[in-house]
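Below: one structure, written as structure tokens.
Protein chains: 4
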Amino acid sequence: MKILFLGDVMGRAGRQAVSDGLPKLRAAWKLDFVVVNGENATSGMGLSAAHARAILEAGADCVTLGDHAFDQKDMLQFCEAEPRIIRPLNFSKSAPGKGARLFEARGGRKVLVCQALGQVFMKRPFDDPFSATEAVFRTHPLGGQASAVIVDFHCEATSEKMAMGHWCDGRASLVVGTHTHVPTADAMILRKGTAYLTDAGMCGDYDSVIGMQRDEPLRRFITGMPKERFSPALGEVTLSGVYIETDDKTGKATRIEMVRQGGRLPPAGPAPIA
Amino acid sequence: MKILFLGDVMGRAGRQAVSDGLPKLRAAWKLDFVVVNGENATSGMGLSAAHARAILEAGADCVTLGDHAFDQKDMLQFCEAEPRIIRPLNFSKSAPGKGARLFEARGGRKVLVCQALGQVFMKRPFDDPFSATEAVFRTHPLGGQASAVIVDFHCEATSEKMAMGHWCDGRASLVVGTHTHVPTADAMILRKGTAYLTDAGMCGDYDSVIGMQRDEPLRRFITGMPKERFSPALGEVTLSGVYIETDDKTGKATRIEMVRQGGRLPPAGPAPIA
Amino acid sequence: MKILFLGDVMGRAGRQAVSDGLPKLRAAWKLDFVVVNGENATSGMGLSAAHARAILEAGADCVTLGDHAFDQKDMLQFCEAEPRIIRPLNFSKSAPGKGARLFEARGGRKVLVCQALGQVFMKRPFDDPFSATEAVFRTHPLGGQASAVIVDFHCEATSEKMAMGHWCDGRASLVVGTHTHVPTADAMILRKGTAYLTDAGMCGDYDSVIGMQRDEPLRRFITGMPKERFSPALGEVTLSGVYIETDDKTGKATRIEMVRQGGRLPPAGPAPIA
Amino acid sequence: MKILFLGDVMGRAGRQAVSDGLPKLRAAWKLDFVVVNGENATSGMGLSAAHARAILEAGADCVTLGDHAFDQKDMLQFCEAEPRIIRPLNFSKSAPGKGARLFEARGGRKVLVCQALGQVFMKRPFDDPFSATEAVFRTHPLGGQASAVIVDFHCEATSEKMAMGHWCDGRASLVVGTHTHVPTADAMILRKGTAYLTDAGMCGDYDSVIGMQRDEPLRRFITGMPKERFSPALGEVTLSGVYIETDDKTGKATRIEMVRQGGRLPPAGPAPIA
Ligand SMILES: [Fe+2]
Ligand SMILES: [Fe+2]
Ligand SMILES: [Fe+2]
Ligand SMILES: [Fe+2]
Ligand SMILES: [Fe+2]
Ligand SMILES: [Fe+2]
Ligand SMILES: [Fe+2]
Ligand SMILES: [Fe+2]
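Line by line, the protein sequences are chains W, U, V and F.
Residues 343 to 616 in the working numbering are what the first sequence lists, from first letter to last.
Residues 343 to 616 in the working numbering are what the second sequence lists, from first letter to last.
Residues 343 to 616 in the working numbering are what the third sequence lists, from first letter to last.
Residues 343 to 616 in the working numbering are what the fourth sequence lists, from first letter to last.
So, in structure tokens, the structure goes:
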């Protein structure tokens, strides 16, 4: 299967770039399944129902969230009504929606998508993501009902992400980090066949501070005194993420490529776009 | 000037790979100046005098440290005796050694190297790195005595690193992050001419948890109970960092390329090595 | 019932003071049940089996632990063999021992003791303590089998501790914080009958930095550079904790008094000791 | 000199209690100098100019702030215009106002008041408070121009506070912690004559979560999902703080008493109020 995962969509510019660019990538790379992390698509803070619909319409089969899952209050209802939304498994015991679900890809093949939140350096505490993903793997073994298993691990620390990669190795097709908004360059296939990338990066303007216009974050770092709200940067967007190919029988990855399309970052992907 | 910066050297395997590989890179890419971050070269924890010497002999013009600067106690003396060691500007008011210094590159040109520690998500608190670097820029303006200015920003958070990039933009030739041990893929030249990469990654074995053998970190994440010490992974090493070219007159960057040589990561660099 | 809870016993001096003083308090105040937090009794780091036995022999009916529960490795076995040891409910899914247990007090009455770890400002992450205690209250309702229910909430943040007090209000006889090693002065009975104190303080020498000799902690705060191990202070100890009286029928608290006996702190307790 | 320090005033109820109670305490205890921490007096978040004036009119000679110093924007100007406001020494290099100042007490004696922020467990990073206070002590030695020196150390961690106590011992008349909103019971005079209390507690309603109405903080701890703003609790207030007596010649403390007046906490103070 050919699968694309795009990292945190950042505000209006990020949404527009997904709407414009994802259909082209889908066609050019003959994608079977697409996951997009949408936790920052609405003003950089959460995801509204309307913006979730726009990302789905652009060609996402599944939209994942993150620690900002419910910053937009209508997501509390929407994630119950729209099965294509995945929130973190360990967001909170009382969170609405689901943290793992089996999706149908092109040709009727099944893809499991789940998301977990890390515990290191996060603004608020979450329960153990290692046992949370373990529970999912037990009910959805790779190469069983699920032809592919995708884990979006939303966290800050590189140590926790690499540990999660090894934890899932052989039990997931892809473990990809999100949340830091900077793509890493360590795409690899782990020992037992799991494709791994520490962070997908964001779909946003990289002439910024993690997707936000530079002035306010800089002011806060330098003076310690906030003055305005953060506001997503509106310059040219790089769509950033990861592309994998998997063996339908085993669910294991046979190829992994970093994806960076447009904007200021060095371009990458499985093949050029005409 | 052609400048190479290599990220945190990780233990014995990392040191060996630097000793073997750096002379080749120096020759192949006709490097004028090389900086290597050595804060994890000795058992993954700090840098001994002997290992610092080995990295310098391999072809580093300058070795930077980090939050682990003085984990090896003989560095307390060595960094006073050996001017090619740079410790963080804001490590502590009573730290020995220097946080910024002017070096001589090939052909007598001068290069300023400085290092600062971030404040976000670090294990212990450090003073403000923004005013620390500001003070350095005031005494060493880019394009003055210094043909190039290199800032190693040793910190965890992508937001703080991107903010530091903009803060230094036009005042440094290169701002490169270290500390997370995972290379990022966001190499770019900022608006006013500063080359920027969020993290250089490590010179270590990436089949690991940030360079440490996987078992003990995994155990701690999963069970919460330590059993053994951490021990650096000993598999094939990727030399990871960044290459820039600068204009000697202005000190600004004219080119930036990610560098990944050997090991498990996708290869990158300004040119192939014979 | 007359119940005494003593906070974190700190090293050799703390153990000695418990051995000397607890029998006197037991007699003078006609105590029915005594809980002692022992997580720092062995060199300030964890609790060995031998030192646990000493605290039990001094008159503790139950010894609780904390985030340092297994710093002494023989506690991994001992807490399975000795039912009077309680480790945190949410230490880790794979921790040995128990986080809640029903004890027998004088006259055959039953007392439930449980301990939970907080999530805010702790060195490593733990799972949600609110749902962990909820599960205990469901199986052990106050005024059912248990004549009294004692919750040791081991955490740093005053906000989390006060929230836990309200969360347990009417479901526990006592919620008492541990871990900060400084006694608070906010002893009160909450709206629905639960006695509450934010922190019990330590059984240790208060001419110290939270029970450790001052020099090394001061050095680390001032210079950022460790030089020696921490070592428990050995001066005169204050036994610090809380005394409550409960109604055996309802399990609710009818009286709460701070306890500080000996050493440098202002003395407090339900009655003078002859 | 007879000096009273009151901890963080919490919202409307706290302000009212200070206005009602402080004149009585001033008269009853014949106070020479009064400091009040006002960082939460305005809706629990910062201090407006109007509310600062009200606290000064109630009898405070000096009002200190904290990490919430500038949550109310008019304090940015007011702290420049009103010399009786002290903000943290190490709030930020660009903060308006002053972090230390010499005040005149009854009878023309001079009192130095300064405030510093801790670095451990704070929401944002601050520069080293140990060297910040050192600089103040150098220019204002105890027993020189200043008959008394008062240090408000605004921080979370008990270890950092106790270390600051020892750091200032013999150089300050009083080191008192603020910020946690829970009074500690460890009032003591340190070896070289400095009165010390880890935390003054708050002037607020203790039937709360650190002064805020319980429902929203409890919801956030239990469900992880915010619903409303925090709002200060409005029940009966305890004025909480510390009283010291000093020797005018040496500046050293001769007496320290915890102060808790009104509300739910056990009463304390140097003498009963008629
Ligand atoms: Fe995000
Ligand atoms: Fe996030
Ligand atoms: Fe490192
Ligand atoms: Fe580091
Ligand atoms: Fe403790
Ligand atoms: Fe503890
Ligand atoms: Fe406060
Ligand atoms: Fe505060």
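We put the beta carbon where it would ideally sit given N, CA and C, even for glycine.
field: Near-chain W residues of the stretch 467-495 of chain V (beta-carbon distance less than 7 Å), N- to C-terminal order
entry: So the list reads PRO467, ASP469, ASP470, SER473, given in the order they occur along the chain.
Cross-chain neighbours of TRP461 (chain F) in chain U, by beta carbon under 7 Å: For the purposes of this step, residue 461 (chain F) is identified with residue 119 of the fourth sequence, where counting begins at 1. Correcting the residue identity first, residue 461 (chain F) is Gln in this sequence and not Trp. Within 7 Å Cβ-Cβ: PRO467.
- prompt: By DSSP, does ASP511 (chain W) sit in helix, in strand, or in coil?
  reply: For the purposes of this step, residue 511 (chain W) is taken as the residue at position 169 of the first sequence. Three-state DSSP puts ASP511 (chain W) in a strand.
query: Terminal residues of the continuous beta strand (DSSP E) containing VAL584 (chain W)?
result: Within the first sequence, the letter at position 242 stands for residue 584 (chain W). That run of the beta strand (DSSP E) goes 581-588.
task: Provide the residue span of the beta strand (DSSP E) that contains VAL524 (chain W), from first to last.
output: To locate residue 524 (chain W), count along the first sequence from 1; it is residue 182. Element bounds for VAL524 (chain W): n/a, residue is neither H nor E.
task: Just the chain V side, please: which residues come within less than 8 Å of ALA458 (chain F) by C-beta, in chain order?
output: Counting from one through the fourth sequence, the residue named residue 458 (chain F) turns up at place 116. In chain order: nothing, as chain V lies at least about 12 Å away.
message: So if I measure from each beta-carbon to every heavy atom of ligand 6 and keep distances below 6 Å, which residues remain?
response: Residues flagged by the Cβ proximity filter: V:GLU381, V:GLY408, V:ASP409, V:HIS410, V:HIS496, V:HIS521.
task: Would you check if the distance between the CB atom of MET542 (chain U) and the CB atom of PHE347 (chain U) is smaller than 9 Å?
output: On the second sequence, residue 542 (chain U) is found 200 positions in, with the first residue counted as 1. On the second sequence, residue 347 (chain U) is found 5 positions in, with the first residue counted as 1. The identity of residue 542 (chain U) in the sequence shown is Ala, whereas the question assumes Met. For the pair ALA542 (chain U) and PHE347 (chain U), the CB atoms are nearer than the 9 Å cut-off.
message: Please determine whether the Cβ atom of HIS482 (chain W) lies at a distance below 8 Å from any heavy atom of ligand 5.
response: On the first sequence, residue 482 (chain W) is found 140 positions in, with the first residue counted as 1. Every heavy atom of ligand 5 is 8 Å or more from the Cβ of HIS482 (chain W), so no.
query: Which stretch, first to last residue, makes up the beta strand (DSSP E) that contains LYS344 (chain V)?
result: If you number the third sequence from 1, residue 344 (chain V) lands on position 2. 344-348 is the extent of the beta strand (DSSP E) around LYS344 (chain V).
query: Is ILE481 (chain V) buried or exposed, if buried means 16 or more other CB atoms sit within 10 Å of its CB?
result: Sequence index remark: in the third sequence, residue 481 (chain V) carries index 139 (1-based). At residue 481 (chain V) the sequence reads Thr, which differs from the Ile that was named. THR481 (chain V) comes out exposed.
query: What alpha helix (DSSP H) runs, 4 residues minimum, are completely inside the stretch 367-449 of chain U?
result: Listed in chain order, they are 391-399, 417-423.
message: So, does the stretch 466-476 of chain W touch the stretch 428-442 of chain W, judging by three or more C-beta pairs under 8 Å?
response: In short, these stretches touch, since the Cβ pair count reaches three.
message: Between the alpha carbons of GLY566 (chain U) and LYS440 (chain F), how many angstroms are there, rounded?
response: If you number the second sequence from 1, residue 566 (chain U) lands on position 224. If you number the fourth sequence from 1, residue 440 (chain F) lands on position 98. So the two alpha carbons sit approximately 45 Å from each other.
Closest residue to ALA402 (chain V) among V:THR384, V:ILE428, V:PHE375 (Cα-Cα distance): Locating residue 402 (chain V) in the third sequence gives position 60, where the first residue counts as 1. Sorting V:THR384, V:ILE428, V:PHE375 by C-alpha distance to the C-alpha of ALA402 (chain V) places V:PHE375 at the top.
field: Other residues of its chain near PRO559 (chain U): CB distance less than 6 Å, five sequence neighbours each side excluded
entry: Here the question's residue 559 (chain U) lines up with position 217 in the second sequence. Counting only Cβ-Cβ distances below 6 Å, and skipping sequence neighbours, we find VAL551.
query: Is the stretch 591-605 of chain U touching the stretch 511-523 of chain V, taking contact as three or more C-beta pairs under 8 Å?
result: Under the 8 Å Cβ criterion, the stretch 591-605 of chain U does not count as touching the stretch 511-523 of chain V, having fewer than three qualifying pairs.
task: For the stretch 550-582 of chain W, enumerate the residues whose C-beta is nearer than 7 Å to any C-beta of chain F, in chain order.
output: Cβ contacts with chain F come from THR565, GLY566, MET567.
- prompt: Is MET544 (chain U) near ligand 3, judged by its Cβ being under 8 Å from some heavy atom?
  reply: Against the second sequence, residue 544 (chain U) aligns to sequence position 202. Under cutoff, so the answer is yes.
message: Output needed in chain order: residues of the stretch 510-529 of chain F with a Cβ under 8 Å from some Cβ in chain B.
response: Any reference to chain B falls outside this structure, whose protein chains are W, U, V and F.
query: Is the Cβ-Cβ distance between MET417 (chain V) and ALA391 (chain V) less than 9 Å?
result: Taking the first residue of the third sequence as 1, we reach residue 417 (chain V) at position 75. Taking the first residue of the third sequence as 1, we reach residue 391 (chain V) at position 49. Here MET417 (chain V) is near ALA391 (chain V), since their CB atoms are less than 9 Å apart.
message: So the candidates are F:LYS569, F:VAL579, F:ALA505, F:ARG561; which of them puts its Cα closest to the Cα of ASP549 (chain V)?
response: By 1-based counting over the third sequence, the position of residue 549 (chain V) is 207. Cα-wise, what sits closest to ASP549 (chain V) is F:ALA505.
task: Pick helix, strand or coil for ALA575 (chain W), following the three-state DSSP scheme.
output: Counted from its first residue, the first sequence places residue 575 (chain W) at position 233. Here ALA575 (chain W) sits in coil by DSSP.
task: Just mark ARG562 (chain U) as buried or exposed, buried being the case when its beta carbon has 16 or more other beta carbons within 10 Å.
output: Counted from its first residue, the second sequence places residue 562 (chain U) at position 220. Buried, because 16 or more other Cβ atoms sit within 10 Å of the Cβ of ARG562 (chain U).
- prompt: For ALA499 (chain W) versus PHE463 (chain U), is the C-beta distance shorter than 9 Å?
  reply: Position 157 of the first sequence holds residue 499 (chain W). Position 121 of the second sequence holds residue 463 (chain U). Contact: yes.
- prompt: Do the stretch 598-608 of chain F and the stretch 522-539 of chain F meet, that is, are 3 or more Cβ pairs less than 8 Å apart?
  reply: With a cut-off of 8 Å, the stretch 522-539 of chain F and the stretch 598-608 of chain F count as touching, because enough Cβ pairs lie within range.
field: Spatial distance of GLU476 (chain W) from GLN461 (chain V) (CA atoms)
entry: Walking along the first sequence from the start, residue 476 (chain W) turns up at place 134. Walking along the third sequence from the start, residue 461 (chain V) turns up at place 119. The straight-line gap from Cα to Cα measures roughly 22 Å.
task: Select from U:GLY519, U:ARG451, U:ALA396 the residue whose C-alpha is nearest the C-alpha of ILE427 (chain U).
output: Looking up residue 427 (chain U) in the second sequence gives position 85. Nearest of U:GLY519, U:ARG451, U:ALA396 to ILE427 (chain U), Cα basis: U:ALA396.
query: Which chain F residues are close to SER501 (chain V), counting only those with a beta carbon under 9 Å from its beta carbon?
result: Position 159 of the third sequence, counted from the first residue, corresponds to residue 501 (chain V). Residues of chain F passing the Cβ test: THR522, HIS523, VAL551, ILE552, MET554, PRO559, PHE563.
message: My output table needs one value for LEU560 (chain W): the three-state DSSP class, helix, strand or coil.
response: Stepping through the first sequence from its first residue, residue 560 (chain W) is reached at position 218. In this structure, DSSP gives LEU560 (chain W) a helical state, which the three-state scheme calls helix.
Neighbouring residues, chain F, relative to PHE412 (chain W) (Cβ below 8 Å): Translated into positions along the first sequence, residue 412 (chain W) becomes position 70. At a beta-carbon threshold of 8 Å, the residues of chain F lying near PHE412 (chain W) are MET567, ordered along the chain.
- request: Go to PHE495 (chain U), then tell me how far its beta strand (DSSP E) extends in each direction, as first and last residue.
  value: Position 153 of the second sequence, counted from the start, is the residue given in the question as residue 495 (chain U). DSSP places PHE495 (chain U) in the uninterrupted beta strand (DSSP E) bounded by 490-496.
query: Residue range of the alpha helix (DSSP H) that ALA477 (chain U) falls in?
result: Translated into positions along the second sequence, residue 477 (chain U) becomes position 135. It spans 471-481 - the alpha helix (DSSP H) in which ALA477 (chain U) sits, taken as one unbroken run.
task: Answer with buried or exposed for ALA450 (chain U), where buried requires no fewer than 16 other C-beta atoms within 10 angstroms of its C-beta.
output: Residue mapping note: residue 450 (chain U) aligns to position 108 of the second sequence, counting from 1. What sits at residue 450 (chain U) in the sequence shown is Gly, not Ala. With fewer than 16 other Cβ atoms within 10 Å, it is exposed.
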